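Novice:
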Amino acid sequence: MNERRNGKKSRDSDRVSLRPVAVPVHDPSAAGETGFISGRATESMFYSQTRNGSKTFSKRDNALLKDSLFVIKRNDTHHIISENYYYKTEPYYTILQHELEGKKVEPTSSAVLDAYVIPICLTRAASAGIPVCEWGISQAYVPLPAILYGLNYFSTTLDYFVVSDNEKAKDVIKHITNNGKYPFCYQKFPDGSDIVTCTSVFGRTADAGTPVSDYAEKIYEIFRLPLVKLVFVVTGDSYALSSLSPTRYAQLSEGERTLLSAYLSNQEFL
Amino acid sequence: MSRLGIFVDRKTLSNAEQLTSLIRCRDVAEDLGHSVEFIFPVDINKIEKVDALFIRARTDPMNITYVAARMASLLGIPVIDDPRSIQVCSDKINMYAHLMRGHVSIPRTVFLSRSDLTIEHVAHLFDILGSPLVVKEPSTSFSLRVERVHDVAEFFKVARRFIKMSDWIVVQQFIESRYDWRVGVLDGKLLYACKYTIPSVTFKIQASVNGHLVYCSVESVPPDQVPPHVIQLGIDAAHAIGTGLYGVDIKNNNGDAYVIEVNDNPSLESGEDTCYPSVYHTLVSHLLRK
Numbered sequence: 001m002n003e004r005r006n007g008k009k010s011r012d013s014d015r016v017s018l019r020p021v022a023v024p025v026h027d028p029s030a031a032g033e034t035g036f037i038s039g040r041a042t043e044s045m046f047y048s049q050t051r052n053g054s055k056t057f058s059k060r061d062n063a064l065l066k067d068s069l070f071v072i073k074r075n076d077t078h079h080i081i082s083e084n085y086y087y088k089t090e091p092y093y094t095i096l097q098h099e100l101e102g103k104k105v106e107p108t109s110s111a112v113l114d115a116y117v118i119p120i121c122l123t124r125a126a127s128a129g130i131p132v133c134e135w136g137i138s139q140a141y142v143p144l145p146a147i148l149y150g151l152n153y154f155s156t157t158l159d160y161f162v163v164s165d166n167e168k169a170k171d172v173i174k175h176i177t178n179n180g181k182y183p184f185c186y187q188k189f190p191d192g193s194d195i196v197t198c199t200s201v202f203g204r205t206a207d208a209g210t211p212v213s214d215y216a217e218k219i220y221e222i223f224r225l226p227l228v229k230l231v232f233v234v235t236g237d238s239y240a241l242s243s244l245s246p247t248r249y250a251q252l253s254e255g256e257r258t259l260l261s262a263y264l265s266n267q268e269f270l
Numbered sequence: 271m272s273r274l275g276i277f278v279d280r281k282t283l284s285n286a287e288q289l290t291s292l293i294r295c296r297d298v299a300e301d302l303g304h305s306v307e308f309i310f311p312v313d314i315n316k317i318e319k320v321d322a323l324f325i326r327a328r329t330d331p332m333n334i335t336y337v338a339a340r341m342a343s344l345l346g347i348p349v350i351d352d353p354r355s356i357q358v359c360s361d362k363i364n365m366y367a368h369l370m371r372g373h374v375s376i377p378r379t380v381f382l383s384r385s386d387l388t389i390e391h392v393a394h395l396f397d398i399l400g401s402p403l404v405v406k407e408p409s410t411s412f413s414l415r416v417e418r419v420h421d422v423a424e425f426f427k428v429a430r431r432f433i434k435m436s437d438w439i440v441v442q443q444f445i446e447s448r449y450d451w452r453v454g455v456l457d458g459k460l461l462y463a464c465k466y467t468i469p470s471v472t473f474k475i476q477a478s479v480n481g482h483l484v485y486c487s488v489e490s491v492p493p494d495q496v497p498p499h500v501i502q503l504g505i506d507a508a509h510a511i512g513t514g515l516y517g518v519d520i521k522n523n524n525g526d527a528y529v530i531e532v533n534d535n536p537s538l539e540s541g542e543d544t545c546y547p548s549v550y551h552t553l554v555s556h557l558l559r560k
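These protein sequence lines map, in sequence, to chains A and B. With this note's numbering, letter number 265 in the first sequence gets 265, and the count goes up by one each step, no holes. Positions in the second sequence are counted from 1; adding 270 to them yields this note's numbering.
1) From B:499, B:386, B:504, B:356, pick the residue whose C-alpha is nearest to that of residue 437 of chain B; which is it?
2) Kindly indicate if chain B contains any beta-carbon less than 8 Å away from that of residue 119 of chain A.
3) Hey, is residue 342 of chain B's beta-carbon within less than 8 Å of any beta-carbon in chain A?
4) Going by C-alpha to C-alpha distance, which of A:87, A:240, A:169, A:154 sits closest to residue 125 of chain A?
5) Is residue 122 of chain A helix, strand or coil by DSSP?
6) Do you know how far the Cα of residue 87 of chain A is from the Cα of residue 150 of chain A?
7) At the level of alpha carbons, what is the spacing between residue 231 of chain B and residue 159 of chain A?
8) Taking only three categories from DSSP, how would you classify residue 240 of chain A?
9) Using 8 Å as the limit for Cβ to Cβ distance, is residue 152 of chain A near chain B?
10) Considering only their Cβ atoms, is the gap separating residue 399 of chain B from residue 443 of chain B smaller than 8 Å?
11) Write down the C-beta distance between residue 112 of chain A and residue 95 of chain A rounded to the nearest angstrom, noting that I regard them as a contact closer than 8 Å.
12) Express the C-alpha separation of residue 227 of chain A and residue 89 of chain A in angstroms, rounding to a whole number.
13) Using a Cβ-Cβ cutoff of 7 Å, what residues of the region 72-92 of chain A are near chain B? List them in chain order.
14) What does residue 357 of chain B touch in chain A if you count any residue whose Cβ is under 8 Å from its own?
15) Straight-line CA distance for residue 136 of chain A to residue 540 of chain B?
16) Roughly how many angstroms separate the alpha carbons of residue 317 of chain B and residue 212 of chain A, rounded to a whole number?
17) Check the DSSP bridge columns for residue 467 of chain B and list the partner residues they point to.
18) Determine contact between the region 503-513 of chain B and the region 366-378 of chain B, defined as no fewer than three beta-carbon pairs at a distance below 8 Å.
19) Is there at least one Cβ from chain A nearer than 8 Å to residue 436 of chain B's Cβ?
20) Should residue 60 of chain A go down as buried or exposed, given a rule of 16 or more other Cβ atoms within 10 Å for buried?
21) At a CB-CB cut-off below 7 Å, which residues of chain A make contact with residue 330 of chain B?
22) Is there a Cβ of chain B sitting closer than 8 Å to that of residue 160 of chain A, yes or no?
23) Within 8 Å (strictly less), CB to CB, does residue 183 of chain A reach chain B?
24) State yes or no: is the beta carbon of residue 22 of chain A nearer than 8 Å to at least one beta carbon in chain B?
25) Quick one: Cα of residue 195 of chain A to Cα of residue 71 of chain A, how far?
26) Just how far apart, CA to CA, sit residue 393 of chain B and residue 422 of chain B?
27) Residue 138 of chain A CB to nearest chain B CB: under 8 Å?
28) List the whole-angstrom C-beta distance separating residue 439 of chain B from residue 433 of chain B, where the pair is believed to meet the contact cut-off of C-beta under 8 Å.
29) Applying the 10 Å Cβ sphere with the 16-neighbour rule, what's the burial state of residue 299 of chain B?
30) With a cut-off of 8 Å, does the C-beta of residue 383 of chain B fall near any C-beta of chain A?
31) Please name the residue in B:288, B:285, B:303 whose C-alpha comes closest to that of residue 554 of chain B.
32) How many angstroms separate the CA atom of residue 217 of chain A from the CA atom of residue 494 of chain B?
33) So which of B:420, B:384, B:407 has the shortest CA-CA distance to residue 67 of chain A?
34) Can you tell me whether DSSP reads residue 331 of chain B as helix, strand or coil?
35) Quick one: which unbroken beta strand (DSSP E) runs of 3-plus residues sit fully inside the region 487-512 of chain B? Chain order, please.
36) Assign residue 154 of chain A to one of two classes, buried (16 or more other C-beta atoms within 10 Å of its C-beta) or exposed (fewer than that).
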């Protein structure tokens with residue numbers, strides 16, 4: 001819970017560090033001894049000079065530049081803030097590095113996989129009482145209209161397709177399954193429905209008090225993703241979660257940027 | 271009587287050896303008094319109806335096998351491979367990091383990020399790790415995206431290709447050997463052992479040579495003929511990952527044994543278990559023991 005909202009002052013506020021990913025600076029002459037190289041690994045596991053180090057930030061300059069990654073520490077928890085948390089990306093490995101070093105980190109590597117693999121995301125969200133789209137797995141056939149997501153190594157939750165006729169569905173399925181090689185996930189898309197997206201910043205949205213803002217808070221409680229785009233299917237007054245996907249700093253509204261900057265600069269407390 | 275689900279996909283069943291192996295697994299389970307159901311990706315909701323799940327399809331955190339494993343896990347259903355093992359073993363960065371943390375003997379290993387790919391760094395790696403080096407894209411399986419490089423130029427040619435698929439890549443000291451040991455471990459105990467003899471035309475267990483796929487030969491080896499330190503290393507490596515089913519690849523070079531990788535979902539269809547006729551009995555009993 002945000003401490004400012006609770007009216008409490010954080011005793012740890014002075015200890016918050018805002019920095020690009022903390023990494024050991026590699027000393028080539030000492031690599032063998034310091035253990036960036038591992039044969040029998042009593043040593044540090046990661047060898048890096050400047051992980052994501054092309055962008056550096058200070059407390060005065062928390063610029064939200066493309067691909068920048070922040071680690072903020074609050075009450076012994078390291079929060080990894082990034083535009084995306086995809087598998088095998090710099091943010092994913094940063095999380096992993098913290099986990100392997102025994103540090104408490106949010107989100108966890110398991111949570112980001114859960115968040116970005118649609119059936120698991122929806123199953124976990126439904127378990128927490130969040131309404132979700134009705135979904136299924138298919139190799140070819142889908143009841144139309146539907147939203148289609150790829151479910152394989154090459155797909156991302158950013159790529160979803162709304163299909164309402166067989167011809168288009170056939171083309172999309174061919175594309176997202178790599179010519180039928182992989183299964184895919186479909187969701188029912190009732191007639192008259194719309195897709196609505198919003199961005200969650202530590203579980204908060206720029207527009208508070210809406211149905212979506214309540215869900216954003218619950219979704220944050222499940223996956224602990226500091227920055228994530230929520231995709232909902234809206235039918236009449238009903239909202240159903242379709243997916244969670246990465247976002248870009250450049251796509252944030254003024255309100256969302258202000259909110260994120262407030263967290264980064266410790267004006268908002270976790 | 272319990273219900274065992276075997277999760278398969280089209281590719282699993284299109285391979286005659288795998289199909290035969292799965293039928294053997296089904297027969298063993300039925301002989302033990304259990305019922306068996308093959309579950310395909312489109313039937314994923316059937317997972318909730320089984321008492322244990324055995325995944326027999328290529329695993330990856332981004333594909334349907336991970337969904338199946340995670341679903342089973344969320345439902346409290348015993349599953350091989352469990353989602354954590356899939357997450358760790360499918361990503362060589364994660365896998366080697368676990369082995370390092372567990373003080374398991376591996377070739378000297380370095381993880382490089384995009385920003386580490388400088389001529390100075392790479393030249394230094396050749397200085398300290400020797401030549402050739404082995405470069406791996408973390409999601410490699412069946413030796414795909416594993417390359418041996420002899421100089422800086424060759425390194426960059428490979429690394430630039432791999433770094434498009436992953437923000438970090440693996441660089442390792444090359445360990446020469448004529449064969450790899452494969453130690454099968456279940457729940458921390460030896461399940462089987464075999465030798466993968468590497469074809470003379472390659473350094474990998476599977477490779478494309480002049481357009482033809484070349485496979486290693488498989489020879490099941492009884493436990494008393496496997497060096498004890500190799501078995502122990504396999505068990506130690508599995509322990510560093512988890513308590514599931516693993517196939518640990520080990521190079522035993524002049525008495526020094528190194529773990530090359532730990533595989534979840536290890537192959538059981540190529541004769542790996544010929545000397546171990548109770549492999550499926552042990553597996554099924556383990557999964558349905560509760």
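Cβ atoms here follow ideal geometry from the backbone N, Cα and C, with glycine treated the same way. Fair warning: this is a prediction, and the values are worked out from it, not measured in the lab.
Specialist: Let's see:
1) Counting from 1 along the second sequence, the entry for residue 437 of chain B is found at position 167. Measuring from the Cα of residue 437 of chain B, the nearest candidate turns out to be B:386.
2) Reading the first sequence from its first residue, position 119 is the one you call residue 119 of chain A. Interface residue, yes.
3) Numbered from its first residue, the second sequence carries residue 342 of chain B at position 72. Cβ-Cβ to chain A under 8 Å: no for residue 342 of chain B.
4) Here residue 125 of chain A is taken as the residue at index 125 of the first sequence, counted from 1. Of A:87, A:240, A:169, A:154, the residue nearest in Cα terms is A:240.
5) Taking the first residue of the first sequence as 1, we reach residue 122 of chain A at position 122. Residue state, collapsed to three classes: helix.
6) Locating residue 150 of chain A in the first sequence gives position 150, counting from the first residue. Locating residue 87 of chain A in the first sequence gives position 87, counting from the first residue. Using only the alpha carbons, I get a separation of about 15 Å.
7) The requested residue 231 of chain B is not part of the displayed model; chain B covers only 271 to 560.
8) In the first sequence, residue 240 of chain A corresponds to position 240, counting from 1. Of the three classes helix, strand and coil, the one that applies to residue 240 of chain A here is strand, per DSSP.
9) Indexing the first sequence from 1 puts residue 152 of chain A at position 152. Chain B, which has a Cβ nearer than 8 Å to the Cβ of residue 152 of chain A, makes this yes.
10) If you number the second sequence from 1, residue 443 of chain B lands on position 173. If you number the second sequence from 1, residue 399 of chain B lands on position 129. Yes. Within cutoff.
11) Position 112 of the first sequence holds residue 112 of chain A. Position 95 of the first sequence holds residue 95 of chain A. 7 Å between Cβ atoms; contact.
12) Reading the first sequence from its first residue, position 89 is the one you call residue 89 of chain A. Reading the first sequence from its first residue, position 227 is the one you call residue 227 of chain A. If you take the alpha carbons of residue 89 of chain A and residue 227 of chain A, they lie about 16 Å apart.
13) 87, 88, 89, 90
14) Residue 357 of chain B sits at position 87 when you count from the first residue of the second sequence. What residue 357 of chain B touches in chain A: 109, 110, 113.
15) Working through the first sequence from its first residue, we reach residue 136 of chain A at position 136. Working through the second sequence from its first residue, we reach residue 540 of chain B at position 270. Cα to Cα, residue 136 of chain A sits roughly 34 Å from residue 540 of chain B.
16) Stepping through the second sequence from its first residue, residue 317 of chain B is reached at position 47. Stepping through the first sequence from its first residue, residue 212 of chain A is reached at position 212. Roughly 31 Å between the two C-alpha positions.
17) By 1-based counting over the second sequence, the position of residue 467 of chain B is 197. B:449, B:487.
18) yes
19) The residue labelled residue 436 of chain B in the question sits at position 166 within the second sequence. Interface residue, yes.
20) Here residue 60 of chain A refers to the residue found at position 60 when the first sequence is read from its first residue. A caution first: residue 60 of chain A carries a pLDDT of 46, below 50, which makes its placement in the model too unreliable to give a value.
21) Reading the second sequence from its first residue, position 60 is the one you call residue 330 of chain B. Correct list: 153.
22) Along the first sequence, one-based indexing puts residue 160 of chain A at 160. With 8 Å as the cut-off, residue 160 of chain A does not count as an interface residue toward chain B.
23) Here the question's residue 183 of chain A lines up with position 183 in the first sequence. So yes, residue 183 of chain A belongs to the interface.
24) Stepping through the first sequence from its first residue, residue 22 of chain A is reached at position 22. With a pLDDT of only 29 at residue 22 of chain A, under the threshold of 50, the placement of this residue in the model should not be trusted; the figure read from the coordinates follows. No, because no Cβ of chain B sits closer than 8 Å to the Cβ of residue 22 of chain A.
25) As a position in the first sequence, residue 195 of chain A is number 195, starting the count at 1. As a position in the first sequence, residue 71 of chain A is number 71, starting the count at 1. Cα to Cα, residue 195 of chain A sits roughly 32 Å from residue 71 of chain A.
26) Reading the second sequence from its first residue, position 123 is the one you call residue 393 of chain B. Reading the second sequence from its first residue, position 152 is the one you call residue 422 of chain B. Distance between the alpha carbons of residue 393 of chain B and residue 422 of chain B: 6 Å.
27) Counting from 1 along the first sequence, the entry for residue 138 of chain A is found at position 138. Yes, residue 138 of chain A lies at the interface with chain B (some Cβ there is under 8 Å from its Cβ).
28) Looking up residue 439 of chain B in the second sequence gives position 169. Looking up residue 433 of chain B in the second sequence gives position 163. About 6 Å; that satisfies the 8 Å criterion.
29) Here residue 299 of chain B refers to the residue found at position 29 when the second sequence is read from its first residue. Residue 299 of chain B should be labelled buried.
30) As a first step, residue 383 of chain B is located in the second sequence; it is residue number 113 there, counting from the start. It does: the Cβ of residue 383 of chain B has a partner Cβ on chain A nearer than 8 Å.
31) As a position in the second sequence, residue 554 of chain B is number 284, starting the count at 1. The shortest C-alpha separation from residue 554 of chain B is found at B:303.
32) To locate residue 217 of chain A, count along the first sequence from 1; it is residue 217. To locate residue 494 of chain B, count along the second sequence from 1; it is residue 224. Each residue's alpha carbon lies about 58 Å from the other.
33) In the first sequence, counting from the first residue as 1, residue 67 of chain A sits at position 67. Among B:420, B:384, B:407, the Cα nearest to that of residue 67 of chain A is on B:384.
34) Locating residue 331 of chain B in the second sequence gives position 61, counting from the first residue. In this structure, residue 331 of chain B counts as coil in the three-state DSSP scheme.
35) 487-490
36) For this step, residue 154 of chain A is matched to residue 154 along the first sequence. So residue 154 of chain A counts as exposed.
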